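Novice: Chains as they are written, first to last, in my numbering: chain Y, 29 to 392; chain C, 19 to 352; chain H, 397 to 471.
Where is the CB? At the ideal position from N, CA and C, for every residue including glycine.
The structure presented is a predicted model; accordingly, all values stated were derived computationally and were not measured.
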Amino acid sequence: MTYNEKPFSDSALAKRMLEKLYDSAQSAGRNFSFMEVCGTHTMAIAKSGIRAVLPENVRLLSGPGCPVCVTPPGVIDALLQAAALPGAVIAGFGDMLRVRGANGALEDCRLKGADVRVVYSPLDAVAIAEQNPRKTVIFAGVGFETTAPLSACAVKKAKALKLKNFYVYPAFKLVPPALRALLAPGGAAVDGFILPGHVSAVIGLEPYRFIPAEFRLPCVVAGFEPLDILHAVNRLVSMVSENKPALENEYSRAVKPEGNPQAVRLLREVFEPADARWRAIGVIPASGLVFRQEWEEFDAALSLSLSEPLSPEPQGCRCGEVITGKITPKQCPLFKTACTPSAPAGPCMVSSEGACAAWFHYGE
Amino acid sequence: MKITSAHGAGGKATSELIVGIFLKHFGNPALSLLEDAAELPVPRGRIAFTTDSYVVSPLFFPGGDIGHIAVCGTVNDLAVKGAEPKWLSCAFIIEEGFDADVLERIARSMGKAAAAAGVQIVTGDTKVVEKGKGDGLFINTSGVGVIADGVNLSVSGIKPGDCVIVSGSLAEHGLAVMNERHSLGLKSGIKSDGAPLNGMIAEVLAACPHGVHAMRDLTRGGLASALADMCASCGFSFEIEEKLIPVSVAVRSACGILGIDPLSAANEGKICLFCAPDCAEKVLSVLKKNAYGKDAAAVGFVGDKAGGPVYLKTAIGSKRVLRAPDGEVLPRIC
Amino acid sequence: MCLAVPGKVLSVKDSAAEVDFGGVARSVSLDMLSGVKPGDYVLVHAGFAVQVLSEDEALKTIQCFREIYEAAQLP
């Protein structure tokens with residue numbers, strides 16, 4: 029037998045799940061709004077066309093789960109400053125290339141001769157540094173708890189190789205503090221959460237216990253195949269209807285209750301939590317990561333004196349309300365008119381995993 | 019030997035380059051005259067004329083190189099209009115310092131591709147730009163072909179009910195190039211699918227002279243771009259089924275790892291075609307017998323919704339709209 | 397925010413594994429996941445194995461889905 033994800037997009041079973049969902053949603057006689065907080069879930073939902081076949085009274089909202097969308101433009105501006113340094117190589121994930129800071133995108137400065145490279149893994153950035161001792165390699169450290177430990181490993185590798193030309197610009201974000209901020213008074217009006225499958229594979233289930241415990245909301249850690257998502261929605265509807273909010277894990281094939289403690293230890297060895305600014309939301313306490321003092325030599329911002337300017341959001345942009353679930357992309361007056369993927373006004377349209385970009389591309 | 023500005027100046031160095039490299043590998047009577055313009059017989063029928071520039075980086079990738087696709091791409095653009103490709107021009111823009119041996123490798127590849135396609139490169143140009151102004155090498159090829167009487171392939175001929183067929187597995191070129199370009203470290207048999215398709219297309223048109231309404235070469239932006247464009251031009255909706263679209267196991271896996279949509283990644287040896295439903299079976303059978311069409315598949319049909327988009331039926335039986343990708347397709351983390 | 401795919405470990409050397417993703421192989425770091433052996437399936441994100449995948453749990457999950465949804469078929 030071999031491990032196989034194919035059964036998780038079985039269309040016959042998907043149909044059964046939808047039938048059950050329709051039945052439960054209809055009997056409940058109320059509206060449901062569930063939020064997913066993972067860009068990969070936003071994409072998976074959009075690509076599978078799930079939204080188009082959900083019952084009318086069940087709404088799926090996209091929360092602030094796209095690391096590119098929640099990265100303030102100032103981070104890009106700081107990276108652009110780095111790109112202008114002599115011998116600099118900016119290495120980052122492909123998602124970052126077209127995000128615009130006040131002074132343009134990384135893609136634009138590449139056109140002006142800057143050395144900007146797409147990498148698949150932060151270890152590839154370390155390899156560039158190792159192979160090019162006269163270059164200064166700055167890795168754009170964007171992502172959540174799935175990605176941050178990887179940068180921690182990359183930094184440790186750089187140290188082991190005694191590299192003096194490898195840096196990480198830390199712009200990581202943490203999910204549980206963001207969920208807490210979303211649930212604060214005046215926050216998102218949601219009935220439950222679809223929790224990020226791969227972040228949870230790293231951090232486990234404990235960090236989410238506060239959601240049912242303090243806020244009496246159900247939440248389900250879900251995988252990314254259509255059946256994972258449809259089951260999660262079914263469970264959320266049931267838990268709300270029965271008034272039995274709980275934390276469930278439907279992605280048990282990848283998520284253990286304790287997560288990956290080794291990965292968390294690695295993350296904590298190199299980074300520590302700090303307040304962080306989330307684009308379109310503002311500062312969320314303890315929701316980002318900064319280098320621990322012992323590892324500060326690898327901090328691009330400190331070591332290369334890079335500054336992160338504050339920029340205001342474009343006029344009329346309502347991304348903050350979109351990613352906190354208060355409105356849908358369609359309800360933003362700029363959607364599809366003044367704000368499109370080729371000319372995005374705000375962060376939700378910037379990355380294809382952003383709520384507005386996903387709605388635009390997949391025809392919501 | 020390195021290419022210098024002298025090689026682009028039109029004097030002795032340029033002649034040596036042309037004779038020593040270009041004529042050597044793709045010379046023919048017309049080209050050998052080395053006149054300012056090639057003199058060609060006026061054919062019967064209509065002339066098809068196309069142009070394309072090739073700026074791919076890296077220049078060499080599994081399955082091909084810039085020279086190979088520069089010839090095949092232009093040949094295919096003519097062929098999808100129902101033309102018999104005949105004559106190509108090629109213009110080289112070379113960056114100062116470029117290795118002449120590498121240029122010869124590329125010229126050899128172009129000669130082979132032209133011979134395989136049955137076309138001649140009859141005129142050309144060579145320019146050299148300063149170091150830093152050219153990314154190594156750019157090639158432009160323009161092509162002339164002949165459309166015989168009675169052949170009419172155009173997006174305006176697409177009708178509701180037409181079958182949409184794809185000639186084989188998608189995204190191979192895009193992934194092969196991306197893997198090299200960004201040093202992504204994927205080990206697989208994925209190779210660029212660059213190939214001259216004029217022979218295969220001629221076989222299809224011979225088998226179904228009136229049933230094939232339109233064809234399109236799938237290049238950058240993949241099937242998604244091609245379908246979105248054709249849909250917008252013909253004015254009818256398309257109903258495509260995701261599970262019918264041919265994608266190899268390796269490409270599917272690579273796309274999963276990198277977060278790439280196989281429908282958006284580039285191809286260099288694939289076409290999509292629109293034909294009357296009653297000749298779909300014939301068309302598929304002809305394609306599958308050809309080496310370049312062995313994985314051909316019917317992927318959907320033309321709907322009757324005016325102004326409608328391309329609808330894609332998903333794995334779970336729902337529908338979403340298929341749009342052209344927005345900009346360069348890159349690996350993602352999210 | 398976390399594109400990750402399953403792959404089968406073909407071989408392990410120090411803290412790196414050669415992983416097969418189905419027609420595609422790549423070197424994957426095991427820095428975050430010790431104790432991985434050839435034959436194991438791992439979840440790979442940006443060149444790192446982030447968790448071991450359980451075939452058992454996958455089968456159990458599908459079984460559970462069948463029980464809930466196929467049994468509850470509407471007439």
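1) Within the continuous beta strand (DSSP E) that includes R346 (chain Y), where are the two ends?
2) Taking the alpha helix (DSSP H) that N262 (chain Y) belongs to, which residues open and close that run?
3) Is there a Cβ of chain C sitting closer than 8 Å to that of S407 (chain H), yes or no?
4) Locate the alpha helix (DSSP H) running through I124 (chain C), then write down its first and last residues.
5) Can you find a CB in chain C that lies within less than 8 Å of the CB of R462 (chain H)?
6) Cα-Cα, which of C:G203, C:F40, C:R199, C:D211 is closest to V73 (chain C)?
7) Could you name the residues of the same chain whose beta carbon sits closer than 6 Å to that of C181 (chain C), not counting the 5 residues immediately before and after it, in chain order?
8) Output the boundary residues of the alpha helix (DSSP H) element that contains L88 (chain Y).
9) By alpha-carbon positions, which one of Y:D136, Y:A217, Y:G225, Y:V230 ends up nearest to L22 (chain Y)?
10) Under the three-state reduction of DSSP, which class applies to A324 (chain C): helix, strand or coil?
11) Does DSSP put S370 (chain Y) in a helix, in a strand, or in coil?
12) Our contact map puts V265 (chain Y) next to A53 (chain Y) with C-beta atoms below 8 Å; I'd like the distance itself, whole angstroms only.
13) Where S211 (chain C) and V405 (chain H) are concerned, what is the direct C-alpha to C-alpha distance, given to the nearest angstrom?
14) Can you find a C-beta in chain C that's less than 8 Å from the C-beta of F299 (chain Y)?
15) Along chain C, which residues have their Cβ under 9 Å away from the Cβ of M428 (chain H)?
16) Along chain H, which residues have their Cβ under 8 Å away from the Cβ of K205 (chain C)?
17) Looking only at C-alpha atoms, which of C:L262, C:G161, C:E259, C:K337 sits nearest to A109 (chain C)?
18) Say whether chain C places a C-beta atom closer than 8 Å to the C-beta of D219 (chain Y).
19) Please state whether DSSP places N277 (chain Y) in a helix, a strand or coil.
20) Is there a C-beta anywhere in chain Y that falls below 8 Å from the one on E414 (chain H)?
21) Under 8 Å, with one C-beta from each stretch per pair, do the region 253-264 of chain Y and the region 29-38 of chain Y reach the 3-pair mark?
22) Tell me where the alpha helix (DSSP H) around L252 (chain C) begins and ends.
23) Where do the N-terminal and C-terminal ends of the beta strand (DSSP E) with Q54 (chain Y) fall, by residue?
24) Can you find at least 3 beta carbon pairs, one from the region 145-152 of chain Y and one from the region 109-121 of chain Y, that sit closer than 8 Å?
25) What residue ranges within the region 267-323 of chain C form continuous alpha helix (DSSP H) runs of no fewer than 4 residues, ordered along the chain?
26) For M378 (chain C), I'd like the list of residues in its chain whose CB is within less than 6 Å of its CB, leaving aside the five on either flank, ordered along the chain.
27) Just checking my contact of V449 (chain H) with A209 (chain Y) at CB under 8 Å: how many whole Å lie between their CB atoms?
28) For G214 (chain Y), which option in Y:V261, Y:G382, Y:G353 has the closest C-alpha, if you only look at C-alpha atoms?
29) For Q138 (chain C), count neighbouring C-beta atoms within 10 Å of its own C-beta (all shown protein chains included) and say buried if the count is 16 or more, exposed if not.
30) Quick one: is D153 (chain C) near chain Y, going by C-beta distance under 8 Å?
31) Would you report the Cα separation of P246 (chain Y) and M63 (chain Y), rounded to the nearest angstrom?
32) By DSSP, does I166 (chain Y) sit in helix, in strand, or in coil?
33) What residues from chain Y crowd round S201 (chain C), counting only those whose CB sits closer than 7 Å?
34) Would F417 (chain H) count as contacting chain C if we go by Cβ distances under 8 Å?
35) Rounded to whole angstroms, what's the CA-CA distance from P393 (chain Y) to P327 (chain C)? Just pull it up for me.
36) Quick one: Cα of A24 (chain C) to Cα of V446 (chain H), how far?
Specialist: Per the coordinate set shown:
1) If you look at R346 (chain Y), you'll find it isn't in any beta strand (DSSP E); DSSP assigns it neither H nor E.
2) Bounds of the alpha helix (DSSP H) holding N262 (chain Y) are 254-269.
3) So, not an interface residue.
4) Element bounds for I124 (chain C): 118-135.
5) By the rule that beta-carbons nearer than 8 Å mark a contact, R462 (chain H) does not touch chain C.
6) If we check each option's Cα against that of V73 (chain C), C:R199 comes out closest.
7) So the qualifying residues of the chain are C293, P295, A298, A316, F319.
8) Per DSSP, L88 (chain Y) belongs to no alpha helix (DSSP H); it is in the beta strand (DSSP E), 86-90.
9) This structure cannot settle anything about residue 22 (chain Y), because the visible part of chain Y is limited to 29 through 392.
10) Reduced to three states, the DSSP call for A324 (chain C) is strand.
11) If DSSP states are grouped into helix, strand and coil, S370 (chain Y) belongs with coil.
12) Their Cβ separation, rounded to whole angstroms, is 6 Å, which keeps V265 (chain Y) and A53 (chain Y) in contact under 8 Å.
13) The sequence given here has Asp at residue 211 (chain C), not Ser. Cα to Cα, D211 (chain C) sits roughly 29 Å from V405 (chain H).
14) It does not: the Cβ of F299 (chain Y) has no partner Cβ on chain C nearer than 8 Å.
15) Correct list: empty, because the minimum Cβ distance to chain C is about 16 Å.
16) V420, A421, R422, listed in chain order.
17) Residue nearest to A109 (chain C) within the set C:L262, C:G161, C:E259, C:K337 is C:G161 (criterion: CA-CA distance).
18) Not closer than 8 Å to any Cβ of chain C, the Cβ of D219 (chain Y) fails to qualify, so no.
19) In the three-state reduction of the DSSP assignment, N277 (chain Y) falls in the strand class, which pools E and B.
20) Put simply, the CB of E414 (chain H) is far from chain Y, with every gap to its CB atoms at 8 Å or more.
21) Yes: at least three Cβ pairs fall under 8 Å.
22) Note on identity: in this sequence residue 252 (chain C) is Cys, with Leu being the wrong assignment. Its alpha helix (DSSP H) spans residues 240-252.
23) Boundaries around Q54 (chain Y) are those of the alpha helix (DSSP H), 39-56, since no beta strand (DSSP E) includes it.
24) The way I'd put it, the region 145-152 of chain Y does touch the region 109-121 of chain Y; three or more beta-carbon pairs between them come closer than 8 Å.
25) Runs of the alpha helix (DSSP H) inside the region 267-323 of chain C: 267-276, 298-307.
26) Here chain C has residues from 19 to 352 only, and residue 378 (chain C) is not among them.
27) According to the sequence shown, residue 449 (chain H) is Leu rather than Val. Contact flag wrong, Cβ pair sits at about 32 Å.
28) For G214 (chain Y), the closest of Y:V261, Y:G382, Y:G353 by C-alpha to C-alpha distance is Y:G353.
29) Its Cβ being crowded by 16 or more others within 10 Å, Q138 (chain C) is buried.
30) Not one chain Y Cβ lies under 8 Å of D153 (chain C).
31) If I take the Cα positions, the gap works out to 11 Å.
32) In this structure, DSSP gives I166 (chain Y) an extended state, which the three-state scheme calls strand.
33) Correct list: D152.
34) Closer than 8 Å: yes.
35) Only positions 29 to 392 of chain Y appear in the structure, and residue 393 (chain Y) is not among them; the question remains open.
36) Their backbone Cα atoms lie some 56 Å apart in a straight line.
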